[in-house]
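K.L.:
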Amino acid sequence: MFELFKEIRKAGDATIGYPFQPLEMPAGFRGKPEHKERLCIACGACAIACPANAITMDLDDEQEYITWDISYGRCIFCGRCQEVCPLYAIVLTTEFELAVRDKADLRESCAYPVARCSCCGKPYAAAKEVDYARRVLESVGGPAAADADAVSLCLACRRRDDALAFQRQARVASEEGGAR
Amino acid sequence: MTKKNAALRSGETHVQAVRDAFPGAVLDAAWQASDQVTITVPKDMLPDVVEFLYYGRGGWLPNMVANDERPLNGRYALYYLLSMEEADPGFVTVRTEIDPHSMEYPSVTPRVPACVWSEREAYDLFGLRAQGLPDERRLVLPDDWPSGLFPLRKDSMDYRRRPEPVTDVENYEFLYEGQAEEVTGVPMGPLHITSDEPGHFRLFVEGEEIVDADYRLFYVHRGMEKVAESRLNYDAVTFLADRICGICGNAHSVAYAEAVENAQGIEVPVRAQYIRTILLEVERLHSHLLNLGLVCHYCGFDTGFQHFFRVREKAMDLAVLLTGARKTYGLNLIGGVRRDILDEQKLATIAFVRELRSDVEALVDMLMSTANFESRTAGVGRLDPAIARDYSPVGPCVRGSGFARDVRFDHPFDGYRYLTGLKARSHDGCDVQSRTLVRVEEFMDSLTMIEQLLDGAPGGPIQATGWRYTPHKYALGYTEAPRGEDMHWAQVGDNQKCYRWRAKAATYSNWPILRYMFRGNTVADAAIIVGSMDPCYSCTDRVTVVDVKKKTETVLTKQQLESYCWRRTHSPLAGKGA
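Sequence lines, in order, name chains D and B.
First residue of the first sequence: -10, per the numbering used here; consecutive thereafter.
First residue of the second sequence: -16, per the numbering used here; consecutive thereafter.
1. Using 8 Å as the cut-off, can you tell me whether the segment 94 to 108 of chain D makes contact with the segment 141 to 148 of chain D, which would need three or more C-beta pairs spanning the two stretches below that distance?
2. Can you name the residues of chain B whose CB is closer than 9 Å to the CB of D/PHE66?
3. What does the alpha-carbon distance come out to for the pair B/SER139 and D/GLY110?
4. My assumption, with CB atoms under 8 Å, is that D/ALA78 sits in contact with D/ILE55. Please give the rounded CB distance.
5. Mind pulling the chain D residues with CB within less than 7 Å of B/LEU215?
6. Rounding to the nearest angstrom, what Cα-Cα distance links D/LEU12 and B/THR332 in this structure?
7. So within the segment 25 to 73 of chain D, which uninterrupted beta strand (DSSP E) runs reach at least 3 residues, ignoring any that extend past its ends?
8. Starting from B/LEU262, trace the alpha helix (DSSP H) in both directions and tell me its first and last residue.
9. Could you give the distance in angstroms between the alpha-carbon of D/ALA145 and the alpha-carbon of B/ALA488?
10. Cβ closer than 7 Å: which chain D residues qualify as neighbours of B/LEU304?
11. Distance, Cα to Cα, D/PHE(-9) vs B/ARG337?
12. Could you tell me the alpha carbon to alpha carbon distance between D/GLN71 and B/MET299, rounded to whole angstroms?
13. With a Cβ-Cβ cutoff of 9 Å, do B/HIS269 and B/ALA302 count as a contact?
14. Are the Cβ atoms of B/ASN355 and B/PHE291 separated by less than 9 Å?
15. Residues of chain B with CB closer than 8 Å to the CB of D/ALA0, please, in chain order.
16. Could you work out which residue in B/ASP151, B/LEU108, B/LEU122 is closest to B/GLY131 when comparing CA atoms only?
17. If you draw a straight line from the C-alpha of B/THR76 to the C-alpha of B/ARG136, how long is it?
18. Which residues does DSSP list as the beta-bridge partners of B/VAL48?
19. Quick check: is the beta carbon of B/ARG286 nearer than 9 Å to any beta carbon in chain D?
20. Assuming D/ALA137 and D/ARG149 are in contact, meaning their beta carbons sit under 8 Å apart, how far apart are those beta carbons, in whole angstroms?
21. Would DSSP call D/ALA138 helix, strand or coil?
22. Using C-beta distances below 6 Å, list every residue in its chain close to B/VAL243, excluding the 5 sequence neighbours before and after it, in chain order.
23. Check the Cβ of B/ASP348 against every Cβ in chain D and list those closer than 8 Å, keeping chain order.
24. Find the nearest neighbour of D/ARG63 within the set D/ARG96, D/ARG90, D/GLY130, judged by alpha-carbon distance.
25. Nearest-angstrom Cα distance between B/ASN154 and B/ASP126?
26. Look at the alpha carbon of B/LEU436 and the alpha carbon of B/SER101, and state the distance between them as a whole number of angstroms.
27. Under a CB-based cut-off of 9 Å, is D/LEU81 close to chain B?
28. Rounded to the nearest angstrom, what separates B/ILE504 and B/TYR106 at their Cα positions?
29. Return the residue from the list B/LEU122, B/GLU434, B/ASP197, B/GLU250 that minimises the CA-CA distance to B/HIS204.
30. Taking only the alpha-carbon atoms, compute the straight-line gap between B/THR353 and B/ARG359 and give it to the nearest angstrom.
31. Less than 9 Å between CB atoms is the rule here; does B/THR177 satisfy it with respect to chain D?
32. Touching or not, the segment 232 to 240 of chain B and the segment 481 to 497 of chain B, by the rule of three or more beta carbon pairs under 8 Å?
33. Let me see if you follow: with CB-CB separation under 9 Å, is B/ARG58 close to chain D or not?
34. Kindly indicate if chain D contains any beta-carbon less than 9 Å away from that of B/PHE187.
35. Output yes or no for whether 9 Å exceeds the beta carbon distance between B/GLY245 and B/LEU459.
36. Does chain D have any CB closer than 9 Å to the CB of B/SER352?
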């Protein structure tokens, strides 16, 4: 019994004054994901990786905007989005106080304009993503930079162009072969 | 002779023994991993073969997995998983195919009682009927579920659909197995679930003595296996598995990941294996402290409860440090882990371990010198070793009854392969006290393990790369959760999803023995007995007590039962139903 009292005395106060005092979480704590909409290129990697489907991407009816959306109510704070993001545009913070009065406040979204194919006019990717791809290709330089123009085409048009180019090449090769 | 045996694949001797004992029974034997073999036997031979391996070759049965393989081979299949723990340790799975026209198979339960819950579940979810199964009541599905709808059949339903309830009343029949006068038609009180998880216990008593008990769970069955099959990609299921349990989720996550890795032949980097093991042990620290706290609570030593929980908070802080979350560590991926343990974290962990060791040693001394502890736990909730052998319970429950069964030592995996100087703990008092002592010793062992693992972890990558995905391969994954072994059986499909995932939590193996642990004890001991099992919850939220002589029933609240457990005077049954 005496030991017990000694232990109680030794332990002192185990609690802290939270919520009247702040509660600091260590670095590396997986809290609320913070989306930096300026860095984001709306590539959708996080939406694919998210196991809980907390992050979704939707194209509007007019196909003019693609909306990145997160629901903190669904988020499981696993941090997969942070891992897959190519631009560090989503980072888990140490913030954990997420309670809201209105359920709608648990959502955050951001709309990005969609680029249309310079050939067929169909929407095919977020404009920022296209822009990012172009800048990367240009900064690499060399033969890659020559392809920078092709990023303004949708996948179908690019495939068709590639197929036509290949056909032309094959034809030239066979004509050369015939001439010899 | 031993040399020759060593050259054989693990499980080869068991397969040969089955071939010798039952000529023609083994239609096929295939190895899924170095320690896992599946033999296919004809349906009629099933009970014989399982019984032979169980009692004749030192097998224990974690569970059975039913699978709808009609899209693959036109049949249903059952997989009886057996953990061989004597000679030639490893896992032998007995598989049998069932014709979709008959939908019947001979029940193994009369020969090996450990199959009972799995066979009941196979009917609920697939409609496969075990002929001769002594207990054919529903297990998993609620009473208001339509009788012809078997949710896990591949062609039955979308996972988002909820069928209309077919009944408004709970019609589950609680069974009384005692010798005293028969009890019939006992109406149940309304089931009000407040904060704890729900479970309905029914104690059959004579005066104060419990003569039998029956209970029903699965009120919060979440259909996770169905969700994993339909909604999630196979590589996201580790995160779902993390959420099977709020206490030991990491053990499930690792077990699932390893089931897929074993099936696909993925070599997990050694550093990742060490990290997984360290996190499994960190999880055990907080879980065992929680249970030790609860033991104090049930003994009426609430000061001890508070102090165990105070110290437990350090184990939680350690988890935050290593994983970034108090629970749901979420660090497993197929092929490895997501977060490394850095040098500064290693040093901090060692400091935490030292602190925990001295703190808990002091608290345990306090608990042991409390007069209440001895008197409230010794000889209470006896689990007969013979019952334990029949039902294959796991964890501190079975280790408190003299069986040193522990997956970490029986089938060493991951970092457990590299540990030295430790062995599975066991006590043979068969009572609440023994189970508690096992937990105390295991807690100290976990601290030693963490130190050894941190020291021994080699450098290197933490995720495997460059492996091929092969559909329809299946295997087992297993871990020793704080409550006993978690056994996952996973088969991936050709669509990047689980074709079938069966997650067996430790407590699933322990519930069937609870009624035997209750028998012969007083109502006052009920709470501490449930608590000693350390079920994923120990909320005897509402207990209906039936007096078999007086034919009355009383519904006790959790508070009443707990306070009676502390004071053991002022029985809440006094004066009722006279």
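Positions of the beta carbon are idealized from the N, C-alpha and C atoms, including for glycine.
P.N.:
So, to answer that:
1. yes
2. GLY307, ALA308, THR311, GLY313
3. 43 Å
4. Not really, about 15 Å apart at Cβ, beyond 8 Å.
5. Neighbours of B/LEU215 on chain D, chain order: PRO40.
6. 21 Å
7. 44 to 48, 54 to 60
8. 253 to 281
9. 49 Å
10. PRO15
11. 24 Å
12. 24 Å
13. Yes; because the gap between Cβ atoms is below 9 Å, this pair is in contact.
14. no
15. HIS290, ARG293
16. B/LEU108
17. 22 Å
18. B/TYR62
19. Arg is not the amino acid found at residue 286 of chain B; the sequence shown has Thr there. Closer than 9 Å: yes.
20. Not confirmed; about 19 Å, so no contact.
21. The displayed chain sequence assigns Asp, not Ala, to residue 138 of chain D. Three-state result, D/ASP138: helix.
22. Setting aside the 5 residues that flank it on each side, B/VAL243 is surrounded in the same chain by ILE317, ALA473, each with a C-beta closer than 6 Å to its C-beta; the list follows chain order.
23. GLU(-8)
24. D/ARG96
25. B/ASN154 and B/ASP126 have their C-alpha atoms roughly 6 Å apart.
26. 36 Å
27. yes
28. Ile is not the amino acid found at residue 504 of chain B; the sequence shown has Asn there. Whole-angstrom Cα-Cα distance: 33 Å.
29. B/LEU122
30. Using only the alpha carbons, I get a separation of about 10 Å.
31. Unreliable placement is indicated for B/THR177, whose pLDDT of 30 sits below 50; the coordinate value is still reported in the next sentence. Not an interface residue.
32. yes
33. Answer no: the Cβ-Cβ gap between B/ARG58 and chain D never drops below 9 Å.
34. At a cut-off of 9 Å between beta carbons, B/PHE187 makes no contact with chain D.
35. Note on identity: in this sequence residue 245 of chain B is Asn, with Gly being the wrong assignment. Cβ distance < 9 Å, so B/ASN245 and B/LEU459 count as in contact.
36. yes
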